[in-house]
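*Asks:*
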Amino acid sequence: MAQQVQGVIAPGKNEPVRVETIVIPDPGPGEAVVKIQTCGVCHTDLHYKQGGINDDFPFLLGHEAAGIVESVGEGVTDVEPGDFVVLNWRAVCGQCRACRRGRPWYCFNTHNAKQKMTLLDGTELSPALGIGAFAEKTLVAAGQCTKVDPEVSPAAAGLLGCGVMAGIGAAINTGEVGRGDSVAVIGCGGVGDAAVMGARLAGAARIIAVDIDDRKLETAKKMGATHTVNSRTTDPVEAIRALTGGNGADVVIEAVGRPETYKQAFYARDLAGTVVLVGVPTPEMQLELPLIDVFGRGGSLKSSWYGDCLPSRDFPMLIDLHQQGRIDLGAFVTETIGLGDVEQAFTRMHEGDVLRSVVVF
Ligand SMILES: NC(=O)c1ccc[n+]([C@@H]2O[C@H](COP(=O)([O-])OP(=O)(O)OC[C@H]3O[C@@H](n4cnc5c(N)ncnc54)[C@H](O)[C@@H]3O)[C@@H](O)[C@H]2O)c1
Ligand SMILES: [Zn+2]
Ligand SMILES: [Zn+2]
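Note that our numbering has the sequence shown beginning at 6, numbered continuously upward.
#1: Where does ARG184 sit, in a helix, a strand or coil, going by DSSP?
#2: Measure the alpha-carbon distance for ASP88 versus CYS150 and round it to whole angstroms.
#3: Ligand 2 and CYS167: does any heavy atom of the ligand fall closer than 6 angstroms to the residue's C-beta?
#4: Shorter than 6 angstroms, the distance from the beta carbon of THR49 to the closest heavy atom of ligand 3, or not?
#5: Taking the continuous beta strand (DSSP E) assigned at CYS44, which residues delimit it?
#6: When you measure from the CB of CYS393 to every non-hydrogen atom of ligand 2, does any distance come out below 6 angstroms?
#7: Report the CB separation of GLY137 from GLY67 in whole angstroms; it is logged as a contact under 8 angstroms.
#8: Assuming ALA7 and ILE29 form a contact by the criterion Cβ under 8 angstroms, report the distance between their Cβ atoms to the nearest whole angstrom.
#9: Taking CYS104 as part of the alpha helix (DSSP H), name the residues at either end of that continuous run.
#10: At the level of alpha carbons, what is the spacing between GLY12 and PRO63?
#11: Shortest alpha-carbon distance to ILE58 belongs to which of SER76, GLY262, ALA207?
#12: Under the criterion of a Cβ to heavy atom distance below 6 angstroms, does TRP110 qualify as lining ligand 1?
#13: Whole angstroms are fine: how far does the CA of TYR272 sit from the CA of GLY253?
#14: What first and last residue would you give for the beta strand (DSSP E) that runs through LYS119?
#15: I need the DSSP call for GLY67, collapsed to helix, strand or coil.
#16: Give, in chain order, every unbroken run of the beta strand (DSSP E) that is at least 3 residues long and sits entirely within the segment 202-273.
#17: With 16 as the cutoff for other CB atoms within 10 Å, does PRO86 come out buried or exposed?
#18: Go to LEU92, then tell me how far its alpha helix (DSSP H) extends in each direction, as first and last residue.
#19: Figure out for me which residue from VAL363, LEU360, GLY312, GLN349 has the closest Cα to the Cα of TRP94.
#20: Select from PRO295, VAL363, ARG184, SER158 the residue whose C-alpha is nearest the C-alpha of LEU206.
#21: In its own chain, which residues sit with a C-beta less than 6 angstroms from the C-beta of ASN27, not counting the 5 before and 5 after it?
#22: Just confirm the distance between the C-beta atoms of GLU265 and VAL281, as a whole number of angstroms; I'd bet it's less than 8 angstroms.
#23: Could you name the residues of the same chain whose beta carbon sits closer than 6 angstroms to that of GLY197, not counting the 5 residues immediately before and after it, in chain order?
#24: Of the choices ALA147, PRO321, GLY284, MET228, whose alpha-carbon is the least far from that of ALA209?
#25: Would you mind sorting ARG211 into buried or exposed? The rule is 16 or more other CB atoms within 10 Å of its CB.
#26: Within its chain, find whatever has a CB closer than 6 angstroms to the CB of CYS167; leave out the 5 residues flanking it on each side and keep chain order.
#27: Comparing C-alpha positions only, which one of ILE213, PRO159, LEU134, VAL365 sits nearest to GLN328?
#28: Bridge partners for LYS307 per DSSP, in chain order?
#29: What are the residues that DSSP puts in a beta bridge with THR151?
#30: Leaving out five residues on either side along the sequence, give the residues of the same chain with a beta carbon under 6 angstroms from the beta carbon of THR43.
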């Protein structure tokens, strides 16, 4: 029997989000219904609301979630009702050309639920990143449920489902930060701060945090930044070079998603260094760079989709490190809010007041 629950939808481009009744079908083959305990507010949810991802309104927002599996459909063997899970948006297919080449973290055909969640009038919803977890319950592909240690706080664990994993992975998986490296991170929101944390975990010797907001730089220090640069008042390229013997950083992680900050990352990097773009640009943005500089500076320009993570490998590992006190996932939770507070949380995010607001059910 389909169930009715409350969820937050983005009805149309730039329209305020609102709480609506959502119809959740029973799980079909390979699907699971998850009772959501917590879901973080990510900048990508705001991108959806602004029409920056695509035009498939209405969206059911929310995708950084932890919860308990309530029911599973036919053929599901990896999870069962009662399991504590973090939801992921990379349920790998095992069949596509990336999976077949042994690189499942690039999977080009990830699984989502086949059935649609709808509004009461039957309007089909597009769940953000195939999840849609600003809702009391959601329907996902069973592979989107990653079982983790149930002793961990759901609010902290759920953030691994997107932004924190994307940031840590941008440093450790995509950027391949190593012991002794110098790293700069441009944009220190939830994703950038997680990149700072990842760089520290990987043994970076120097970690330079760049943001236009001093409050963000203060938090970045707590996450492991050794130096901070306010790029509203200081040229970040010059500052990063000055802090790295005049050379630039080995790895520069762009966690804003804008052409001007990408250019800063490009020029703040040492010769043969690595730029990692983890910030998500919008479709109209253009980048112009002298091709001779792309050649002459060498190295690699990479994009980090979800921190090149493999949820089944990386979520339990990072939760273990958190439980051992080697990283503090709880540090990303600035505030907990109710389902009706998401619009306000977007405003607070925009104003730089929070790393993560987390909806608690
Ligand atoms: N690649 C992925 O898989 C992935 C996953 C999650 C989020 N993201 C993207 O990462 C980006 C950051 O997400 P978030 O949730 O941390 O957002 P956020 O809003 O919490 O953080 C953005 C930070 O960038 C800073 N900033 C803005 N303009 C700047 C500038 N010109 N120079 C320096 N800093 C600037 C802000 O002050 C803020 O601290 C977004 O684009 C989001 O969509 C990517
Ligand atoms: Zn695949
Ligand atoms: Zn996200």
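Quick reminder that beta carbons are idealized off the backbone N, C-alpha and C, glycines included. The model shown is predicted, which means the values in this text are computed figures rather than measured ones.
*Replies:* Result, derived from the coordinates:
#1: Taking the sequence shown and counting its residues from 1, one reaches residue 184 at position 179. Three-state result, ARG184: coil.
#2: Translated into the one-based positions of the sequence shown, residue 88 becomes position 83. Translated into the one-based positions of the sequence shown, residue 150 becomes position 145. Their backbone Cα atoms lie some 9 angstroms apart in a straight line.
#3: Residue 167 sits at position 162 when you count from the first residue of the sequence shown. Annotation for CYS167 indicates a beta carbon at 6 angstroms or more from all heavy atoms of ligand 2.
#4: By one-based count along the sequence shown, residue 49 stands at place 44. Yes, the beta carbon of THR49 sits closer than 6 angstroms to at least one heavy atom of ligand 3.
#5: As a working note, residue 44 is residue 39 in the sequence shown. Residues 36-45.
#6: Lying outside 6 to 366, the shown extent of the chain, residue 393 is not represented and no answer is given.
#7: If you number the sequence shown from 1, residue 137 lands on position 132. If you number the sequence shown from 1, residue 67 lands on position 62. Rounded, the Cβ-Cβ distance is 6 angstroms, consistent with contact.
#8: Taking the sequence shown and counting its residues from 1, the one referred to as residue 7 is at position 2. Taking the sequence shown and counting its residues from 1, the one referred to as residue 29 is at position 24. The pair is a contact, with the Cβ atoms about 6 angstroms apart (cut-off 8 angstroms).
#9: The residue labelled residue 104 in the question sits at position 99 within the sequence shown. CYS104 -> alpha helix (DSSP H) spans 102-105.
#10: Here residue 12 refers to the residue found at position 7 of the sequence shown. Here residue 63 refers to the residue found at position 58 of the sequence shown. The alpha-carbon separation between GLY12 and PRO63 amounts to approximately 12 angstroms.
#11: On the sequence shown, position 53 is the one that residue 58 refers to. Answer by Cα proximity: GLY262.
#12: Counted from its first residue, the sequence shown places residue 110 at position 105. Answer for TRP110: no, Cβ out of range of ligand 1.
#13: Position 248 of the sequence shown, counting from 1, holds the residue named residue 253. Position 267 of the sequence shown, counting from 1, holds the residue named residue 272. In this structure, the alpha-carbon of GLY253 lies about 8 angstroms from that of TYR272.
#14: Taking the first residue of the sequence shown as position 1, residue 119 is located at position 114. Premise fails: LYS119 is in no beta strand (DSSP E) and is neither H nor E.
#15: The residue given as residue 67 occupies position 62 in the sequence shown. Correct three-state label for GLY67: coil.
#16: Every beta strand (DSSP E) stretch that sits fully inside the segment 202-273 and reaches 3 residues is listed by chain position as 211-216, 232-235, 254-259.
#17: Within the sequence shown, residue 86 is the residue found at index 81, counting from 1. Under this definition PRO86 is an exposed residue.
#18: Translated into the one-based positions of the sequence shown, residue 92 becomes position 87. No alpha helix (DSSP H) contains LEU92, which is instead part of the beta strand (DSSP E) from 89-92.
#19: Counting from one through the sequence shown, the residue named residue 94 turns up at place 89. Nearest C-alpha to TRP94: GLY312.
#20: Sequence index remark: in the sequence shown, residue 206 carries index 201 (1-based). It is ARG184.
#21: As a working note, residue 27 is residue 22 in the sequence shown. According to the sequence displayed, residue 27 carries Ile and not Asn. So the qualifying residues of the chain are VAL10, GLY12, MET122, ALA140.
#22: Here the question's residue 265 lines up with position 260 in the sequence shown. Here the question's residue 281 lines up with position 276 in the sequence shown. Not confirmed; about 17 angstroms, so no contact.
#23: Translated into the one-based positions of the sequence shown, residue 197 becomes position 192. Cβ within range, chain order: VAL190, ALA260.
#24: Against the sequence shown, residue 209 aligns to sequence position 204. The option with the nearest alpha carbon to ALA209 is MET228.
#25: Here residue 211 corresponds to residue number 206 of the sequence shown, with the count starting at 1. Only buried fits ARG211, as 16 or more other CB atoms lie within 10 angstroms of its CB.
#26: Translated into positions along the sequence shown, residue 167 becomes position 162. Result list for CYS167: CYS47, HIS68, GLU69, in chain order.
#27: As a first step, residue 328 is located in the sequence shown; it is residue number 323 there, counting from the start. It is PRO159 whose Cα lies nearest to the Cα of GLN328.
#28: The residue given as residue 307 occupies position 302 in the sequence shown. LYS307 pairs with VAL281.
#29: Within the sequence shown, the letter at position 146 stands for residue 151. THR151 pairs with VAL91.
#30: The residue given as residue 43 occupies position 38 in the sequence shown. ALA71, PRO159, ALA160, GLY163, VAL363, VAL365, listed in sequence order.
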